[in-house]
Every structure is written in C-alpha cells, then in structure tokens.
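Quick note: the sequence shown, position 71, residue 71 per full-length UniProt numbering, numbers continuous.
To start, the structure under review is shown below, and the notes come after it.
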Amino acid sequence: FLGFANFYHKFIKNYLKTIVNLTSLLRKDTPFLFTEQALKDELTRTLIETDASDYAVAGVISQYSSLNLLHPVAFESQKLNNSKLNYKIHDKELLTIGFCLQKWRSYLLSLSEPFEVLTDHNALKYFMSSKVLTRQQAQWAEFLSKFHFTITY
C-alpha cells in the first residue's frame, strides 16, 4: 500500500504528515492500536455515487471528513456484456447500484447508520416503493432490501 501511495504523493495533500504514522507501524516492535479516533473515522457518513453509460457501469464510495469534505474510499467499474447493453437506461442505472452494493457489501452491511446512494436518474428515488416490477427488477429489489440506504438525485 505504501508503494502505491508514494506513487501518487504529488496529488495527496499533506502526504508526509499522513505517511509518518503509517511508516511507524512498519517497525516490528510497534503495536497497532485501534483508538477512539479510528472508531470515529469509521463511523462517518458514507456516500456512494453511481453512473451508467451505454457501455459500462461505475461507482465511487466516499466518506465525509470532520470538515464535511468527501474522501474517496474505492472506485469500481465494469464493461457491460452483450445482454446488458440492451437494457433500458432505468435498468442500467439500477444495475449500477446493485453492482456497487455487491462489490462493497461487507463494508456497507456493517454500517450502523444508513448510507446515501447518489444517482443521476431521478426515477430511481421511487424504485423501492414501486408496486409493478419486472422479474429482473424484483430480484434487484430483493438484493437491495438487505441494505439500509436512501437514493438521492
């Protein structure tokens, strides 16, 4: 991880200030302590931004800092296969949410607070309360019901 971070050090604000704490953990005699501050960092609000195009789906999961700034945690994307290329845009956007929640499932299911999913497709705000669903949409609804989140536009 440190090698990867060092590659991007030009783009990381206060890189040296952050890396000092990480490099000190590399010593054999240094215990790793999970402090109250680390717990607070873990319990910050979480945002997932998703988007679908004609050919791919993508998302980013971020957390808010104490200054209410968003910090990316992970990115995911995937090219659509031939059958999914024919989906209507509503279903592609829904597929994107499902794809991202599946990728980050272990993290998202452990959150004590609901997280927010931000999409550029307004109709998805009402998806979970829709009474008429296709078979595929019903399967997605069942999967999504495991998570505690809100969809915003």
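Ideal placement from N, C-alpha and C gives every residue a C-beta, glycine not left out.
Is the separation between the beta-carbon of residue i and that of residue j shorter than 9 angstroms?
i: Val57; j: Ser77; result: yes
i: Leu80; j: Tyr64; result: no
i: Ile89; j: Thr119; result: no
i: Val117; j: Phe149; result: yes
i: Leu111; j: Trp140; result: no
i: Thr50; j: Cys100; result: yes
i: Phe75; j: Phe115; result: no
i: Lys103; j: Gly59; result: yes
Just curious, the beta strand (DSSP E) that residue i is in, first and last residue?
i: Thr46; result: 46-52
i: Phe115; result: 115-118
Return the chain-ordered list of same chain residues with a C-beta closer than 6 angstroms to the C-beta of residue i, the five sequence neighbours on each side being excluded.
i: Tyr153; result: Asn122, Lys125
i: Lys92; result: Ala52
Within the same chain, show all residues whose beta-carbon is closer than 8 angstroms to that of residue i, passing over the 5 residues directly before and after it, in chain order.
i: Thr18; result: Ile12
Looking only at its own chain, which residues have a Cβ that is under 7 angstroms from the Cβ of residue i, when we skip the five neighbours before and after it?
i: Val73; result: Ile61, Ser62, Gln63
Name the DSSP beta bridge partners of residue i, please?
i: Ser77; result: Ala58
i: Leu111; result: Per DSSP, none; premise fails for Leu111.
Look at the alpha carbon of residue i and the alpha carbon of residue j, and state the distance between them as a whole number of angstroms.
i: Tyr87; j: Ile48; result: 22 angstroms
i: His9; j: Tyr15; result: 6 angstroms
i: Phe7; j: Gln137; result: 42 angstroms
So the alpha helix (DSSP H) residue i belongs to, where does it begin and stop?
i: Thr23; result: 15-24
i: Thr30; result: Here Thr30 belongs to no alpha helix (DSSP H), and DSSP marks it neither H nor E.
i: Ile89; result: 89-103
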